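Residue numbers (the numbering used here), protein chains in the order written: chain G, 7 to 118; chain F, 126 to 239.
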Amino acid sequence: DQQVKQNSPSLSVQEGRISILNCDYTNSMFDYFLWYKKYPAEGPTFLISISSIKDKNEDGRFTVFLNKSAKHLSLHIVPSQPGDSAVYFCAATNQAGTALIFGKGTTLSVSS
Amino acid sequence: EAGVAQSPRYKIIEKRQSVAFWCNPISGHATLYWYQQILGQGPKLLIQFQNNGVVDDSQLPKDRFSAERLKGVDSTLKIQPAKLEDSAVYLCASSLNRVNEKLFFGSGTQLSVL
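Written as structure tokens, this is what we have:
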């Protein structure tokens, strides 16, 4: 049973436009959420996180939105750049220190 | 700051053979994780260590997989005997502590079982 779901396997966006990646979770005990980016042949790298006490967190071109009632979060990238082309993983955890649980990932392709 | 080191980068073995992976976490990181990433899937936790103690190994196939973290630093993950379905990337990660900490990942070991 998948506790973290990324239902879109892929997304294609033109350079300069907005990229929106979505993530849903089922476990109401999750209270901390992270996004990781992964390039081929490399390990995932941390991108941005959000605590359940917030509904938005921004870092440069990246913004994560959290809707607790819908158990949904999204990552917005504005403006998108070709270097953003990668696999993006949503992950969740809780205050008990449970190891991160990852979604299946969404492959983002940004064309110039 | 040096990152998480893993070796080897690639390994090809035949089924029923054994294989071992090594990981050196970021200095000072108390928590170490081994994840398995099958093609097209997200990373799945195999085992989590806090210093040299096991916190969570509930998803580790203990009949064939074993892991240790001697002295709370380096860690090894072993598979014996390997099966075809073990073909995956094995990722090691570390964090300062267990709670709400971002993980730093190594580049992984790509295992192919033929």
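C-beta: ideal position from N, C-alpha, C; glycine also. Every value quoted in this text rests on a predicted model; they were computed, and no experiment measured them.
Identify, in the order they occur along the chain, each residue of the same chain with its Cβ nearer than 6 Å to the Cβ of residue i, setting aside the five sequence neighbours on each side.
i	result
T51(G)	K43
L202(F)	F146, W159, A192
I56(G)	F39, N63, V70, L72
For residue i, I'd like the list of residues in its chain whose CB is within less than 7 Å of its CB, leaving aside the five on either flank, ordered along the chain.
i	result
D211(F)	I204, L236, V238
S91(G)	L114, S115, V116
May I ask you to report which of helix, strand or coil DSSP gives residue i?
i	result
D188(F)	coil
D7(G)	coil
K227(F)	coil
E193(F)	strand
D211(F)	helix
D30(G)	strand
G178(F)	strand
D61(G)	coil
Would you call residue i buried or exposed, if buried means 16 or more other Cβ atoms sit within 10 Å of its Cβ?
i	result
Y45(G)	exposed
E21(G)	exposed
L40(G)	buried
S117(G)	exposed
A127(F)	exposed
E139(F)	exposed
T156(F)	buried
T6(G)	The structure shown does not extend to residue 6(G), since chain G is modelled only from 7 to 118, so the question has no answer here.
Q173(F)	buried
G233(F)	buried
E48(G)	exposed
I137(F)	exposed
P15(G)	exposed
G165(F)	exposed
S209(F)	Rather than Ser, the amino acid found at residue 209(F) in this sequence is Leu. L209(F) is exposed by the Cβ-count criterion.
S200(F)	buried
Quick one: measure Cβ to Cβ for residue i and residue j, integer angstroms, because I've assumed they're closer than 8 Å.
i	j	result
L216(F)	Q162(F)	6 Å
K77(G)	D7(G)	Incorrect: roughly 14 Å between the Cβ atoms, too far for contact.
Q9(G)	K110(G)	With 8 Å as the limit, Q9(G) and K110(G) do not qualify as a contact, their Cβ atoms being about 12 Å apart.
A192(F)	W147(F)	Their Cβ separation, rounded to whole angstroms, is 11 Å, which puts A192(F) and W147(F) out of contact at 8 Å.
F68(G)	L81(G)	7 Å
S220(F)	K227(F)	7 Å
L53(G)	T112(G)	Incorrect: roughly 13 Å between the Cβ atoms, too far for contact.
N222(F)	K196(F)	Between K196(F) and N222(F) the Cβ distance is about 18 Å, and since that is not below 8 Å, they are no contact.
Give me, in chain order, the residues of the same chain whose beta-carbon lies closer than 8 Å to that of residue i; leave out the 5 immediate sequence neighbours on both sides.
i	result
K169(F)	Y160, Q161, Q162, I163, Q184
I'd like to know whether the C-beta of residue i is nearer than 8 Å to at least one C-beta of chain C.
i	result
Q142(F)	No chain C appears in the structure shown, which is made up of the protein chains G and F.
- Query: Are there three or more Cβ pairs, one per stretch, closer than 8 Å when the stretch 81 to 91 of chain G is compared with the stretch 11 to 29 of chain G?
  - Reply: Segments in contact, yes.
- Task: Say whether the stretch 101 to 112 of chain G touches the stretch 128 to 142 of chain F, bearing in mind that this needs 3 or more beta-carbon pairs closer than 8 Å, one atom from each stretch.
- Result: Look at the beta carbons and you see the stretch 101 to 112 of chain G not touching the stretch 128 to 142 of chain F: under three pairs across the two are nearer than 8 Å.
- Do three or more CB pairs link the stretch 170 to 188 of chain F to the stretch 57 to 66 of chain G at distances below 8 Å? Too few Cβ pairs lie closer than 8 Å, so no.
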